[in-house]
Every structure is written in structure tokens, then in C-alpha cells.
Amino acid sequence: MVIVLKNTASQQQVEELISRLERSSVKTNLVQGVHSNIIGLIGDTVHIDIEAILANECVESVQRVQEPYKNANRKFHPDNTVLDICSRQIGGSKTQVIAGPCSVESEKQLMETAIACKQAGATMLRGGAFKPRTSPYSFQGLREEGIALLLKAKKETGLPIVTEIMSLAHIDMFADVDVIQVGARNMQNFELLKALGRCDKPILLKRGLSSTLEELLMSVEYIMSEGNSKVILCERGIRTFEPMTRNTLDISAVALLKHRSHLPVVVDPSHATGIVKLVEPMSLAAVAAGCDGLEIEVHCDPKNALSDGSQQLTPQAFTQVMKKIKALAEFMGKPVDDVG
Ligand code: PEP
Ligand code: MN
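According to our numbering, the residues represented by the sequence shown are 181 to 520, in order.
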């Protein structure tokens, strides 16, 4: 971190600032230049509060030279993090495909969809039991009953389950869930993230609707700094000025997150576009960009779905998309996991 001092800074102000900084366990290096003086901070600056430094009379500006996220940073952990989810590896040499309905609606709907997803080659099952809906009058999910149905579908198909948590108050209901998803709307629910940091389950953290990648990685930091390093990042599109798609899929985020972080990266082409026809090309684009997995919405009867009908693939369409995903993933050297 570099602190640029004002030309009007007095020696006393600078000395006071330096001694305050050194009390917070960083070393300082005062460099006196021709036009301005700077203080270089050496050591672990994650706990340094930039706003507090800027509040000093003598400070012109503060610049970070290193990223504020440490745990997720590839610089400090050069190897890929590979997570094991019921014997499926994510982040390593295999591609995982998480498929299933937007919402768990009934036993029949979930079982039919789950079996079809498994047959098409999906490696994990998704399904929302707690649904974050824009309107409180829309279907809110089957809640605890939805989780029970997911566990039943896991028993039937052998597919590990991925489902979203919306509140700290529900955490006990997720005891048998394999991957806990944090949705876009909760990416900065810091109390929830801290609590998930104290549990021992993989967390799939989706990028917020209007969040930068640095904000996403700082949210990961909330989970990891509490001790849970099992985090999967998910690019699911962001809000832009473009209304033709539900969101704008940021494909460059995949390659950049893989470069900046050692964590597995998954792409959700369904919420990213909101359009059935775009799920296949965007899935392929994500695989080509180097993702470790996809999360795709599939419904046995999309026309009658209780949420996100327009973006959910029929089992037949998913089967066709899977063929191309498998071929491209193979070509990319990260074949879709063969879970039998
Ligand atoms: C979901 O995956 O069910 C979901 C609501 O997605 P997002 O949080 O990305 O909107
Ligand atoms: Mn959905």
C-alpha cells in the first residue's frame, strides 16, 4: 500500500501518522520525492482501514498495490483448489454439470427431472427449496419439504444436491445438503457468509446482480477467513443496459477468476440469459473459457413451471446440450465427470 502525502504535510503530522501505522504491525518506508512524499507500507495490510488513513490532514491519496483478498488469491495459493463432493472433483481435471429445476415443486416434478438429468449425464442435482423471488406473491418454495424431496432424489439417483440458503435461521435444515448455494441477492449478506465460513460444507457463491469481481472475491474472503476454504465461485450474469437478455453473461469473468483465484469456477447460463435458446451457446462458451462446471436449469414441464419457465430446458433439450458440452469439455482436456 502506498500513501501519497500532501505537499503541505508538516513533519509532525507525518511522524504521528507513521507511528500510528507502525502500531498496527506494518513497516513503513518514507520516500521523499521532488514533487511529493510517499509512505510505502510493507507487511500485511489487510487490516489497514483506507478510510481512516484518508481522514488524516496530511494524506492526499492511498493506493493498494496488492489485492485486498488473500485467502482466495492465487498468488498465495498457486495450485488449483480441488473440492471433493461425494467423490466428484470440482476444480481439477473434470467438468461438473449441476442440473435440475429452478424450484422444487413436487415429488413427481423433482423425481422425473432428476432422473432425466442423471440419464443425460448431469453430475449433481440442483433445485431451489427456498426461492428468492422479486415479488412476495410469487411461489416462495417448498422450504423444509423441498429439502426433504431433494434428499429423496439424491437417494434415488445418487446425485449430490445443491440448494440455496436464504437465511441464517435455516442453517440446521441444510445439515444433509452437499453444496450450499448462496444466491446473487445474498452475495453481500455478510452475517450469512460468516456463519457459512464456520461450517464444513462446500459453498457455491453466486456473483451479485451488480457486483464487481473484486466484491465477489471479498465476499469469498468472509467465508474463508472464518475457516471454510471449500468455496466455488459462480458467474451468473450481471445487470447491464441490455434488456434483451435477463442479465449479461460475463464470460471474461471465468478466465479472470481462474487467473486471480485458485477456487473452482462454475457458470450458470440459465439465469445469465433467461432464454432457453441461449443456454447451449453460453454453456459452450463457458467451457471454452475454462470453467470447472455449469449450473443449468432443467424442468420436466417448463411451460407449467412455478418459476423461471422461460429459461428451463426440457429433458430432451438438455440431453442434446449435454452431448455438445461433453464433446467440447473433452476437447478442452477437462471431460465431464463420468459418474455412471
Ligand atoms: C438460483 O440459482 O436458483 C437463483 C435464484 O439464481 P441467482 O441467485 O443467480 O439469481
Ligand atoms: Mn431460477
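Where a beta carbon is used, it is the ideal one built from N, C-alpha and C, also for glycine.
Query raised in the report: So which of Ala235, Asn253, Thr343 has the shortest CA-CA distance to proline 281?
Result: Taking the first residue of the sequence shown as position 1, residue 281 is located at position 101. Per the Cα distances, Thr343.
Report task. Just confirm the distance between the C-beta atoms of valine 478 and leucine 458, as a whole number of angstroms; I'd bet it's less than 8 Å. Result -> Within the sequence shown, residue 478 is the residue found at index 298, counting from 1. Within the sequence shown, residue 458 is the residue found at index 278, counting from 1. Here valine 478 is actually not in contact with leucine 458; their C-beta atoms are around 15 Å apart, not less than 8 Å.
Query raised in the report: So what does DSSP say about methionine 304, is it helix, strand or coil?
Result: For the purposes of this step, residue 304 is identified with residue 124 of the sequence shown, where counting begins at 1. Three-state DSSP puts methionine 304 in a strand.
Query raised in the report: How would you write the range of the alpha helix (DSSP H) that lysine 506 sits in, first residue to last?
Result: The residue given as residue 506 occupies position 326 in the sequence shown. Here the alpha helix (DSSP H) through lysine 506 covers 495-511.
Query raised in the report: Which class does valine 478 belong to by DSSP, given the choice of helix, strand or coil?
Result: By 1-based counting over the sequence shown, the position of residue 478 is 298. Three-state result, valine 478: strand.
Query raised in the report: Do alanine 333 and ligand 1 come close, with the Cβ less than 7 Å from some heavy atom?
Result: Mapped onto the sequence shown, residue 333 falls at position 153. For alanine 333, the shortest separation between its Cβ and any heavy atom of ligand 1 does not lie below 7 Å.
Requested in this report: Please confirm whether any heavy atom of ligand 2 lies closer than 7 Å to the CB of aspartate 488.
Outcome: Residue numbering aside, residue 488 sits at position 308 when the sequence shown is read from its first letter. Answer for aspartate 488: yes, Cβ within range of ligand 2.
Query raised in the report: When every heavy atom of ligand 2 is checked, does at least one fall within less than 7 Å of the C-beta of histidine 479?
Result: As a position in the sequence shown, residue 479 is number 299, starting the count at 1. No - ligand 2 has no heavy atom lying nearer than 7 Å to the Cβ of histidine 479.
Query raised in the report: Got a list of residues with beta-carbon closer than 5 Å to any non-hydrogen atom of ligand 1, in chain order?
Result: In chain order, the residues that have a beta carbon nearer than 5 Å to some heavy atom of ligand 1 are Gly308, Gly363, Ala364, Lys386, Arg416, His451.
Report task. Sort out for me which residues DSSP pairs serine 405 with in a bridge. Result -> One-based indexing of the sequence shown puts residue 405 at position 225. Per DSSP, serine 405 has no beta-bridge partner at all.
Query raised in the report: With contact counted as at least three CB pairs below 8 Å, one residue from each stretch, are the stretch 211-222 and the stretch 255-267 in contact?
Result: No, the stretch 211-222 is not in contact with the stretch 255-267.
Report task. Please look up how many angstroms separate the CB atoms of phenylalanine 164 and isoleucine 345, rounded, as I've assumed it's under 8 Å. Result -> Given that the chain is displayed from residue 181 to residue 520, the structure contains no residue 164 and the question cannot be resolved.
Query raised in the report: Quick one: complete beta strand (DSSP E) runs, 3+ long, within the stretch 427-466?
Result: List check, beta strand (DSSP E) in window: 445-447.
Query raised in the report: Which runs of the beta strand (DSSP E) fall wholly inside the stretch 255-332 and span at least 3 residues, in chain order?
Result: Runs of the beta strand (DSSP E) inside the stretch 255-332: 263-265, 268-270, 276-280, 304-306.
Query raised in the report: What three-state label does DSSP hand leucine 339 in the structure shown?
Result: The residue given as residue 339 occupies position 159 in the sequence shown. Note: leucine 339 maps to coil in three-state DSSP.
Query raised in the report: Does ligand 2 have a heavy atom nearer than 7 Å to the CB of alanine 282?
Result: Residue numbering aside, residue 282 sits at position 102 when the sequence shown is read from its first letter. In the sequence as displayed, the identity of residue 282 is cysteine instead of alanine. Within the cutoff, so yes.
Query raised in the report: By how many angstroms is the C-alpha of isoleucine 183 removed from the C-alpha of glycine 190?
Result: What you label residue 190 is simply residue 10 of the sequence shown in a count that begins at 1. What you label residue 183 is simply residue 3 of the sequence shown in a count that begins at 1. The sequence given here places serine at residue 190; glycine does not occur at that position. Going by the C-alpha atoms only, they are around 15 Å apart.
Report task. Report yes if the C-beta distance between leucine 474 and leucine 443 is below 8 Å; otherwise report no. Result -> Reading the sequence shown from its first residue, position 294 is the one you call residue 474. Reading the sequence shown from its first residue, position 263 is the one you call residue 443. Taking C-beta atoms as the reference points, leucine 474 and leucine 443 fail to come closer than 8 Å.
Query raised in the report: What's the call for isoleucine 278, buried or exposed, on a 16-neighbour Cβ count within 10 Å?
Result: By 1-based counting over the sequence shown, the position of residue 278 is 98. Isoleucine 278 is buried by the Cβ-count criterion.
Query raised in the report: Between glycine 470 and the rest of its own chain, which residues show a CB-CB distance below 7 Å, the 5 nearest in sequence each way excluded?
Result: Within the sequence shown, residue 470 is the residue found at index 290, counting from 1. Counting only Cβ-Cβ distances below 7 Å, and skipping sequence neighbours, we find Val434, Ala435, Lys438.
Query raised in the report: Bridge partners of cysteine 414, per DSSP?
Result: By one-based count along the sequence shown, residue 414 stands at place 234. In DSSP, cysteine 414 forms a bridge with Lys386, Val446.
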